[in-house]
Amino acid sequence: MSIGIVVAIAALVAVLVVAIARPRNLPEAVVAVPLALLLVVVRMLPPADAWAEVRSLVPVVAFLAAVLVLGQLCEDEGLFVAAGGWMARTSAGSPTRLLTAVVAIAAVTTAVLSLDATVVLLTPVVFATAARIGARARPHVYACTHLANSASLLLPVSNLTNLLAFRATGLGFARFAGLMALPWLLVVIVERVAVGRYFRTDLAAAAAVDPGRSPAVTAPHATQAAAGGRPAAAPGVAAVVVGATLVGFVVASAVGIDPAWVAAAGATVLAVHSIARRRVTAAALGRSLNVPFLAFVLALGVVVRAVIDNGLSTAVGTLVPGGSSLGALLVVALVAALLANVVNNLPAILLLLPLLAGHGAGPVLAALVGVNVGPNLTYVGSLATLLWRRIARAHDADPGLAEYHLLGALTVPVSIVVATSALWAGLALTGGG
0 MSIGIVVAIA
10 ALVAVLVVAI
20 ARPRNLPEAV
30 VAVPLALLLV
40 VVRMLPPADA
50 WAEVRSLVPV
60 VAFLAAVLVL
70 GQLCEDEGLF
80 VAAGGWMART
90 SAGSPTRLLT
100 AVVAIAAVTT
110 AVLSLDATVV
120 LLTPVVFATA
130 ARIGARARPH
140 VYACTHLANS
150 ASLLLPVSNL
160 TNLLAFRATG
170 LGFARFAGLM
180 ALPWLLVVIV
190 ERVAVGRYFR
200 TDLAAAAAVD
210 PGRSPAVTAP
220 HATQAAAGGR
230 PAAAPGVAAV
240 VVGATLVGFV
250 VASAVGIDPA
260 WVAAAGATVL
270 AVHSIARRRV
280 TAAALGRSLN
290 VPFLAFVLAL
300 GVVVRAVIDN
310 GLSTAVGTLV
320 PGGSSLGALL
330 VVALVAALLA
340 NVVNNLPAIL
350 LLLPLLAGHG
360 AGPVLAALVG
370 VNVGPNLTYV
380 GSLATLLWRR
390 IARAHDADPG
400 LAEYHLLGAL
410 TVPVSIVVAT
420 SALWAGLALT
430 GGG
């Protein structure tokens, strides 16, 4: 093993450890950016290659920035509070019906506004809604984190991994969604059945609600409204803007316009509306951009490129088969899932994309199945899962490590097999691949 690959892997490990542990709540970029620059300075990655990697990621990061703002504006406009009210009404006091409602809302939220919206904005509302009807929160909160990962299969905009891979598929927005629709639906069903079975005791029992401690104490303002705090804003404008933005993605893809422009337009329209009604300030919008995280994504891309160029791609390449047969797609999905749980899903897809280039859309989509569903197996599989754990702890609901892994072991293998099989069938029926 060369010194180059050792140094590059050490840098990647350091970046991921800090991103996962967040010592003293430091931003992920604090270590990632200096290490990326160091790898360029010591020529582990030539400056021209590093710059090419950054340039290739800029449209993805621009889209991510717009979606972060759009998701925050949707919360400020009361969209998630309205979702909490709908879940409470639909459940009619039944924890089992509430679980079905949570799965439905989480799946749609993840698909449309990305997994970060499900973790950061929906999970606190679910905590409050469960308390509101006297249900134990565990099944519903676990559904949020599982659907945040696995329900991100549907659209190119549902997950940063999808955005990174979208161009490599060679597909349009609608074609991508059409091929992933059945895998997405089947995975959502698997998650609902598995979570319901695993937490059947919790679903059959009422929660022990402490009347002296309101769920609004530790929840953000959207949760407070769901729990009976301030009146929620009318979410109609936000819903219309989100719907129009989705239509815009389809149209933009057909005419070759980058989806970042559409997302930025949607965020701008809703920002103007929210500022005019004094529901948000320019400073708050700036904070919702989460610039340190955007810098982290760019730096991570450079570090992973150094790992790839220094030899790891050769080793991983021996595990990845060519072709779009069912067996080949299953192997790609399983390798992607394994990598996601070893090095996190973002580095995993960055590592796999060069190896899958030229093999058609099928293997790339199968890799997305692995890196999106696979992170439900361990905490380190995705940054969103780690963020979800922090939110759960803030609500005095620290999830157990063994429980998380056991539930993941029950859902991930089945989900990967059914989703990949459905993908293969869709490719075979439509002549894709």
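Position 87 of the sequence shown, counting from 1, maps to 86 under numbering that gives the first Met the number 0, and the rest follow consecutively. Backbone N, C-alpha and C define an ideal beta-carbon position, used for all residues, glycine too.
Only counting the same chain, and skipping five residues up and downstream in sequence, which positions put a Cβ closer than 8 Å to that of residue i?
i: VAL16; result: none
i: LEU25; result: VAL17
i: VAL5; result: none
i: LEU400; result: TYR378
i: VAL241; result: LEU69, CYS73, LEU78, VAL111, LEU112 and GLY265
i: LEU269; result: LEU69, LEU72, CYS73, GLU76, VAL236, ALA237 and VAL240
i: VAL216; result: The predicted model places VAL216 with a pLDDT of 31, which falls under 50 and marks its position as unreliable; any figure quoted below should be read in that light. Excluding positions up to five away in sequence, the list is empty.
i: ARG212; result: Residue placement at ARG212 is flagged as unreliable, the pLDDT there being 39, under the threshold of 50; the coordinate-derived value follows with that caveat. Excluding positions up to five away in sequence, the list is empty.
i: PRO412; result: none
i: SER1; result: ASN309 and GLY310
i: LEU435; result: Nothing can be reported for residue 435: it is not among the residues displayed for the chain, which extend from 0 to 432.
i: PRO46; result: VAL39
Between residue i and the rest of its own chain, which residues show a CB-CB distance below 7 Å, the 5 nearest in sequence each way excluded?
i: VAL30; result: ALA13, VAL14 and VAL17
i: MET86; result: LEU97, ALA100, VAL101, ILE104 and THR128
i: THR122; result: VAL140, CYS143, TRP387 and ILE390
i: PRO219; result: Residue placement at PRO219 is flagged as unreliable, the pLDDT there being 43, under the threshold of 50; the coordinate-derived value follows with that caveat. Result list for PRO219: PRO123, in chain order.
i: LEU349; result: LEU163, GLY300 and VAL303
i: SER149; result: VAL186, GLU190, ASN371, VAL372, ASN375 and SER414
i: ASN289; result: LEU67
i: VAL261; result: THR244, GLY247, PHE248 and ALA251
i: LEU443; result: In the structure displayed, the chain extends from 0 to 432; residue 443 sits before or after that span and is not available.
Counting along the chain, where does the alpha helix (DSSP H) carrying residue i start and finish?
i: ARG355; result: For the sequence presented, residue 355 should be read as Leu rather than Arg. Start and end: 344–355.
i: PHE126; result: 122–132
i: MET43; result: Premise fails: MET43 is in no alpha helix (DSSP H) and is neither H nor E.
i: GLY235; result: 235–254
i: PRO182; result: 172–197
i: ARG96; result: 94–112
i: ILE307; result: Premise fails: ILE307 is in no alpha helix (DSSP H) and is neither H nor E.
i: LEU152; result: LEU152 -> no alpha helix (DSSP H), and no H or E assigned at all.
i: TYR403; result: 400–429
i: ALA283; result: 281–287
i: PRO26; result: No alpha helix (DSSP H) contains PRO26, which DSSP labels as neither H nor E.
i: GLY84; result: 78–90
i: ARG278; result: No alpha helix (DSSP H) contains ARG278, which DSSP labels as neither H nor E.
i: PRO362; result: 360–372
So, for residue i: in the same chain, excluding its five sequence neighbours on each side, which residues have a beta-carbon less than 6 Å away from its beta-carbon?
i: HIS145; result: GLU190 and ASN375
i: ASP75; result: SER273, ARG278 and VAL279
i: TRP423; result: LEU325 and LEU328
i: VAL249; result: PHE172 and ALA173
i: ALA61; result: ALA259
i: PRO94; result: ALA134 and LEU202
i: PRO291; result: PRO26 and ALA28
i: ALA147; result: THR109, LEU114, THR117, VAL118 and ALA383
i: ALA180; result: none
i: ALA421; result: LEU181, PRO182 and LEU185
Residue j and residue i - do their beta-carbons sit closer together than 7 Å?
i: CYS444; j: THR109; result: In the structure displayed, the chain extends from 0 to 432; residue 444 sits before or after that span and is not available.
i: ASN161; j: LEU114; result: no
i: VAL301; j: ALA49; result: yes
i: LEU185; j: VAL417; result: yes
i: ALA28; j: ALA294; result: yes
i: ILE132; j: GLY92; result: yes
i: VAL53; j: LEU297; result: yes
i: GLY83; j: MET43; result: no
i: PRO320; j: VAL330; result: yes
i: LEU112; j: GLY70; result: yes
i: PHE172; j: SER55; result: no
i: LEU152; j: ALA176; result: no
i: LEU38; j: ALA9; result: no
i: ALA365; j: THR317; result: no
i: ALA134; j: PRO234; result: no
i: ALA193; j: THR410; result: yes
i: ASN369; j: ALA332; result: Reading off the sequence shown, one finds Gly at residue 369, where the question assumed Asn. Result yes, Cβ atoms of GLY369 and ALA332 sit closer than 7 Å.
i: ARG167; j: LEU352; result: For the record, residue 167 in the displayed sequence is Ala; it is not Arg. Their beta carbons are under 7 Å apart, which means ALA167 touches LEU352 by this criterion.
i: PRO58; j: ASP257; result: yes
Nearest chain D C-beta to residue i closer than 7 Å, yes or no?
i: ALA64; result: Looking for chain D here will not work: only one protein chain is present.
Closest to residue i by CA distance: which of the options is it?
i: GLY326; options: LEU38, GLY361, SER381 and ARG137; result: GLY361
i: ALA130; options: HIS394, PRO291, ALA253 and ALA408; result: HIS394
i: GLY425; options: LEU154, PRO182 and TRP260; result: PRO182
i: ALA435; options: ALA332, LEU333 and ALA347; result: Only positions 0 to 432 of the chain appear in the structure, and residue 435 is not among them; the question remains open.
i: TYR197; options: HIS404, THR429, LEU428 and GLY430; result: HIS404
i: VAL434; options: LEU367, ARG286, LEU428 and ILE188; result: There is simply no residue 434 to check, as the chain begins at 0 and stops at 432 in what is shown.
i: ALA427; options: GLY247, GLY322, PRO22 and ALA263; result: GLY322
i: SER381; options: LEU354, ASN343, LEU355 and ALA396; result: ASN343
i: HIS459; options: ALA204, VAL315, ALA335 and GLY169; result: Here the chain has residues from 0 to 432 only, and residue 459 is not among them.
i: LEU354; options: LEU337, SER90, ALA314 and ARG392; result: ALA314
i: ILE188; options: PRO22, ALA51, ALA106 and THR200; result: ALA106
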